[in-house]
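Read through the structure below, which is laid out as structure tokens, and then see the notes.
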Amino acid sequence: MLTVKEAIQQRRSIRKFLDKPVPREMIDEILEAARLAPSGSNRQPWRFLVVTAPEERAKLRRICWDQAFIEQAPVVFVCCADLVAYSQPSRLKRAQEFIDDKVTETLSGRFADPEFRAALLKMPDADLELFRAAAVANTYIAIEHMVLTATALGLGSCWVAAMGEEGEINAMFGLPKTTVVSAVLPVGYTDKVPPPRPRISLSEMLLRPLEAAVK
Ligand SMILES: Cc1cc2nc3c(=O)[nH]c(=O)nc-3n(C[C@H](O)[C@H](O)[C@H](O)COP(=O)(O)O)c2cc1C
44 MLTVKEAIQQ
54 RRSIRKFLDK
64 PVPREMIDEI
74 LEAARLAPSG
84 SNRQPWRFLV
94 VTAPEERAKL
104 RRICWDQAFI
114 EQAPVVFVCC
124 ADLVAYSQPS
134 RLKRAQEFID
144 DKVTETLSGR
154 FADPEFRAAL
164 LKMPDADLEL
174 FRAAAVANTY
184 IAIEHMVLTA
194 TALGLGSCWV
204 AAMGEEGEIN
214 AMFGLPKTTV
224 VSAVLPVGYT
234 DKVPPPRPRI
244 SLSEMLLRPL
254 EAAVK
């Protein structure tokens, strides 16, 4: 198993997979990496479908702009964000966990004020669509945990967000509108790891020189 640093450095988007199944233990390990991801207020909105059946992979390929490697990969994770994780009952449940875990004792600033927190909890249940961006952002963290774990296990993967019309994958699996399909992740073995793709330089990435903060 690679270290985190090695996995970050060696990961590539893999778009060609061998016809070799991914062992069940590896699928378990990839899902466990998603489960352990952090999320805002610990809402954990991520939900997954594990797809191995060839006819389902072929259908996903067609929906996802006919990208061939989706059908080729022995396992495809359909990665979703559940907006219901942001409903008032879920909010109350997670808030109670924060109290039980004594997280509240380590909070500071506005969040340390029990009245402020109580007011947040009393907020009426909003239109769940308001939470779409947060739900997807948090799900993306879990997906990258999966990607890096797959790399560390010697597997390849490729993020896929080109997913056809909104709702097509929902219709395929009978998922409700509150389950937002956020990405598709084909995973499998490869015999050819491509060289690193271009990245912007450190100075392009930083909005002001590092020297302004660190001597
Ligand atoms: C959110 C997201 C969506 C992506 N969607 C696709 C996609 O639909 N098809 C594809 O071939 N690659 C997709 N990619 C892969 C990117 O093209 C790739 O990460 C980028 O070109 C850098 O290459 P690397 O991953 O090998 O470093 C996606 C990547 C991300 C993070």
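Position 83 of the sequence shown, counting from 1, maps to 126 under my numbering, and the rest follow consecutively.
Quick reminder that beta carbons are idealized off the backbone N, C-alpha and C, glycines included.
C-alpha gap between Val-227 and Lys-258, whole angstroms: Val-227 and Lys-258 have their C-alpha atoms spaced approximately 43 Å apart.
Identity of the residues DSSP links to Thr-82 by a beta bridge: For the record, residue 82 in the displayed sequence is Ser; it is not Thr. According to DSSP, which records beta bridges pairwise, Ser-82 is partnered with nothing at all.
Whether Leu-198 touches Val-230 by CB criterion (7 Å): Note that the C-beta distance between Leu-198 and Val-230 is below 7 Å.
Residues bridged to Ser-246 (per DSSP): Residue pairing from DSSP leaves Ser-246 without any beta-bridge partner.
Residue burial classification, Thr-222 (beta-carbon count within 10 angstroms, cutoff 16): When all chains shown are included, Thr-222 counts as buried.
Residues bridged to Ser-200 [DSSP beta-bridge criterion]: DSSP output for Ser-200 lists Ser-56 and Val-230 as bridge partner(s).
Quiz: which residues have CB nearer than 5 Å to ligand 1 non-hydrogen atoms: Residues with their Cβ less than 5 Å from any non-hydrogen atom of ligand 1, running along the chain, are Arg-55, Ser-56, Trp-202, Val-203, Ala-204, Ala-205 and Arg-240.
Nearest to Val-121 (by Cα), restricted to the options Glu-211, Met-248 and Asp-62: Val-121 has its Cα closest to that of Glu-211, out of Glu-211, Met-248 and Asp-62.
Helix, strand or coil at Leu-150 according to DSSP, with G and I counted as helix: Correct three-state label for Leu-150: coil.
Span of the beta strand (DSSP E), counted from its first residue to its last, around Leu-92: The continuous beta strand (DSSP E) containing Leu-92 extends over residues 89–94.
Beta-bridge pairing of Thr-222 - partner residues as DSSP gives them: Paired residue(s): Asp-125.
Distance between beta carbons of Phe-174 and Leu-135, contact taken as under 8 Å: About 15 Å separates the CB atoms of Leu-135 and Phe-174; that is not less than 8 Å, and the two are not in contact.
Helix, strand or coil at Val-257 according to DSSP, with G and I counted as helix: Of the three classes helix, strand and coil, the one that applies to Val-257 here is coil, per DSSP.
Same chain, Cβ closer than 6 Å to Lys-63, neighbours up to 5 away in sequence not counted: Around Lys-63: Tyr-232.
Glu-208 versus Pro-157 - alpha carbon distance: Distance between the alpha carbons of Glu-208 and Pro-157 is about 44 Å.
Cβ pair Val-203, Cys-107 closer than 7 Å: Yes, the Cβ-Cβ distance between Val-203 and Cys-107 is below 7 Å.
Buried versus exposed call for Arg-86 [16 or more other C-beta atoms within 10 Å across all chains shown]: Classification for Arg-86: buried.
Beta-bridge partners of Val-118, as assigned by DSSP: BP columns for Val-118 point to Val-230.
Segment contact flag, the region 97–115 with the region 72–85, C-beta cutoff 8 Å, min 3 pairs: Fewer than three pairs of CB atoms, one per stretch, sit closer than 8 Å, so the region 97–115 makes no contact with the region 72–85.
Contact set for Pro-252: own chain, Cβ-Cβ below 8 Å, skip 5 residues either direction: These residues qualify, in order along the chain: Ser-246.
Own chain partners of Leu-249 with C-beta closer than 7 Å, once the 5 adjacent residues on each side are dropped: So the list is empty, once near-sequence residues are dropped.
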